[in-house]
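Heads up: the structure comes next, in structure tokens.
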Amino acid sequence: MSIDWHALLTVLCATLAATVGLVGLFTLGVVGLARPAGAARPRPATAALTRAASWLCFAACAAATVWGIWLITAK
Amino acid sequence: MEHMTLLIGIVIVTALVFDFTNGFHDTANAMATTISTGALGPRTAVAMSAVLNLAGAFLSVQVAKTISGGIVDESAGIRPEVIFAGLVGAIVWNMLTWLAGLPSSSSHALFGGLIGATLVAVGAHGIHGDAVVMKVLIPAVAAPIVAGLAATAATRLTYLLGRRADPAAASRGYRAGQIASAGLVSLAHGTNDAQKTMGVITLTLITGGVVAPHSDPPLWVIVSAGTAIALGTYLGGWRIIRTIGRGLTDIEPQQGFTAQTGAAATILASSHLGFALSTTQVSSGAVMGAGLGRIGAVVRWSTAGRMVAAWALTLPAAGLVGAGAALLADQGAWGITLVAVLGLAVCAAIRTAARRRPVTHANVNDLPAEPQDAVAAAVAAVSPPPPAASSTTTSAPTTA
Numbered sequence: 001m002s003i004d005w006h007a008l009l010t011v012l013c014a015t016l017a018a019t020v021g022l023v024g025l026f027t028l029g030v031v032g033l034a035r036p037a038g039a040a041r042p043r044p045a046t047a048a049l050t051r052a053a054s055w056l057c058f059a060a061c062a063a064a065t066v067w068g069i070w071l072i073t074a075k
Numbered sequence: 001m002e003h004m005t006l007l008i009g010i011v012i013v014t015a016l017v018f019d020f021t022n023g024f025h026d027t028a029n030a031m032a033t034t035i036s037t038g039a040l041g042p043r044t045a046v047a048m049s050a051v052l053n054l055a056g057a058f059l060s061v062q063v064a065k066t067i068s069g070g071i072v073d074e075s076a077g078i079r080p081e082v083i084f085a086g087l088v089g090a091i092v093w094n095m096l097t098w099l100a101g102l103p104s105s106s107s108h109a110l111f112g113g114l115i116g117a118t119l120v121a122v123g124a125h126g127i128h129g130d131a132v133v134m135k136v137l138i139p140a141v142a143a144p145i146v147a148g149l150a151a152t153a154a155t156r157l158t159y160l161l162g163r164r165a166d167p168a169a170a171s172r173g174y175r176a177g178q179i180a181s182a183g184l185v186s187l188a189h190g191t192n193d194a195q196k197t198m199g200v201i202t203l204t205l206i207t208g209g210v211v212a213p214h215s216d217p218p219l220w221v222i223v224s225a226g227t228a229i230a231l232g233t234y235l236g237g238w239r240i241i242r243t244i245g246r247g248l249t250d251i252e253p254q255q256g257f258t259a260q261t262g263a264a265a266t267i268l269a270s271s272h273l274g275f276a277l278s279t280t281q282v283s284s285g286a287v288m289g290a291g292l293g294r295i296g297a298v299v300r301w302s303t304a305g306r307m308v309a310a311w312a313l314t315l316p317a318a319g320l321v322g323a324g325a326a327l328l329a330d331q332g333a334w335g336i337t338l339v340a341v342l343g344l345a346v347c348a349a350i351r352t353a354a355r356r357r358p359v360t361h362a363n364v365n366d367l368p369a370e371p372q373d374a375v376a377a378a379v380a381a382v383s384p385p386p387p388a389a390s391s392t393t394t395s396a397p398t399t400a
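Set out below in structure tokens:
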């Protein structure tokens, strides 16, 4: 009987990378949409750019989720 | 043959009952933190989880096809009686841990029950020892740690990045993220756990000669297993939801989101690599990790300790009940009847005990009462309580 350390390590790395990556992306999106408390109103162009970047982050998260669902169905 | 078909019918019904208990036992995995942070109302949360569990049941049949050959060797002469005994063991343990509000693994209860029953009825050669260690025991230890580490790291990161954002607006965003990640966990739960029951039913049908070996689960099996787990999920295991959502640590929307995402990532990564792990242990580990990740958060180690003790006990305890049931069920028709009657009696006793201090969708977000000893609760549940014990139970401080 041998313990499959390689598979265990793969799960650990994949989970860490996926979780931290997704949460990081999502947080950037949230931060982009929620202006710091008490901050000055940014110029319209900057505001639009930030909003677009935020939604890009959310879209990336959604894509990762769809990929996750595909992983469990296609196995 | 007539007797055979009746027995198979009984086993299928028992398997569906187990699936139902699996559903309400595991609602907490996906929805506990979603409910405790207020991202979704309790009823909405369980309804959403139920629908996604049902949908998940239809996604794939891979797990169902591997359950029988993997851990239990059906060629060693497993008969429907043995599966029945194993299921009774799993149901009884699920009910006991639910009464104590402990998030234990339904999958381990199922494996434990089947292993115990097989050991008694067939002997040690009916069990693949290697598979038990590699597919059940190692993931049981590793998965909560992996999920916990991921959730801790992600929680640190999200508080660091988001420290200057407007708290109210950020909370709205995190709640939306929580709903999405909880949905993913529900879906993954449906694909994993509903399929375990499908696998058991298919195994029964194969041993009874109703379907050919190595066949896919018939459609009616998929539909009924998916429906049973969805109904159980909708019922909501409020006791366990309270333990995970409020009992382990105080969860903020950020932490709920990171815990749920960590749990989903762990489940997806490991099921892709062929580990059968417990969604319950993964979710609880992730919630603990999220608690450790926020500076200043309180992690209630006593509750966590009771939970881990229940995890360690699950395999042997369900196995013991399964073994006892197999011993009786092997005696013939009267033995099987006796097992069924005893099983029903235990479940009824546990339900009655649960009614004394009900936890419902209305009070699920209250803080848990002073933790009661799980073993004492279990003993009180199965034995008719002496007058003294019942008076202490009723006079115990109710939830604040």
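First to last, the protein sequences are chains P and U. Everything in the first sequence is counted per the UniProt record's numbering, starting at 1 for the first residue and increasing by one. Everything in the second sequence is counted per the UniProt record's numbering, starting at 1 for the first residue and increasing by one. No residue lacks a Cβ here, since even glycine has one placed at the ideal position from N, Cα and C.
Asked, Found
"Nearest CA to the CA of L268 (chain U): which residue from U:G190, U:A312 and U:L96?", "U:G190"
"On the DSSP letters alone, give me the boundaries of the alpha helix (DSSP H) that I336 (chain U) sits inside.", "A333 to R356"
"Taking Cβ positions only, does A62 (chain P) come closer than 9 Å to chain U?", "yes"
"My assumption, with CB atoms under 8 Å, is that P144 (chain U) sits in contact with V282 (chain U). Please give the rounded CB distance.", "6 Å"
"Could you pull the DSSP bridge partners for Q299 (chain U) from this structure?", "Before going on, a small fix: residue 299 (chain U) reads as Val here, not Gln. Its beta-bridge partners are U:T249."
"Shorter than 9 Å from the beta carbon of T46 (chain P) to some beta carbon of chain U?", "no"
"Should G296 (chain U) and A153 (chain U) be called a contact, given that it needs their Cβ atoms to be closer than 9 Å?", "no"
"For L114 (chain U) versus V51 (chain U), is the C-beta spacing smaller than 9 Å?", "no"
"Between T158 (chain U) and chain P, is the shortest Cβ-Cβ distance under 9 Å, so that the two count as touching?", "yes"
"Per DSSP, what kind of secondary structure is I127 (chain U) in: helix, strand or coil?", "strand"
"Between A53 (chain P) and the rest of its own chain, which residues show a CB-CB distance below 7 Å, the 5 nearest in sequence each way excluded?", "G32"
"Would you kindly work out how many angstroms separate the C-alpha atoms of D193 (chain U) and F20 (chain U), rounded to a whole number?", "11 Å"
"Classify V200 (chain U) as helix, strand or coil using the three-state DSSP reduction.", "helix"
"Specify the secondary structure class of R100 (chain U) as computed by DSSP and reduced to three states.", "According to the sequence displayed, residue 100 (chain U) carries Ala and not Arg. It is coil, neither helix nor strand."
"Got a sec? Which residues, its chain only, sit under 6 Å from T65 (chain P) by beta carbon, not counting five neighbours each side?", "none"
"Taking a contact to mean a Cβ-Cβ separation below 9 Å, would you say A259 (chain U) touches V287 (chain U) in this structure?", "yes"
"Short of 6 Å in beta carbon distance, which residues of its chain neighbour W93 (chain U), apart from the five on each side in sequence? Order them along the chain.", "A109, A317 and A318"
"If we cut at 9 Å on Cβ distances, does L56 (chain P) have a partner in chain U?", "no"
"Quick one: give me the first and last residue of the alpha helix (DSSP H) that residue 426 (chain U) is part of.", "No answer is possible for residue 426 (chain U): the residues shown for chain U start at 1 and end at 400."
"Drop a sphere of 10 angstroms on the beta-carbon of T394 (chain U), count the other beta-carbons inside from all chains shown, and report buried for 16 or more, exposed for fewer.", "Caution applies to T394 (chain U), whose pLDDT of 40 falls short of 50 and renders its modelled position unreliable; the model cannot decide the point."
"Can you find the residues in the same chain that come closer than 6 Å, C-beta to C-beta, to P387 (chain U), ignoring five residues on each side of it along the sequence?", "Low per-residue confidence applies at P387 (chain U): pLDDT is 45, beneath 50, and the placement is therefore not dependable enough to give any value."
"Could you please give me the residues that DSSP links to V72 (chain U) through a beta bridge?", "U:I127"
"Note down the Cα distance separating L22 (chain P) from I83 (chain U), rounded to an integer number of angstroms.", "42 Å"
"In chain P, which residues lie with their C-beta within 7 Å of the C-beta of S270 (chain U)?", "V11"
"Any beta carbon of chain P sitting closer than 9 Å to that of G198 (chain U)?", "The identity of residue 198 (chain U) in the sequence shown is Met, whereas the question assumes Gly. Chain P contact via Cβ: absent."
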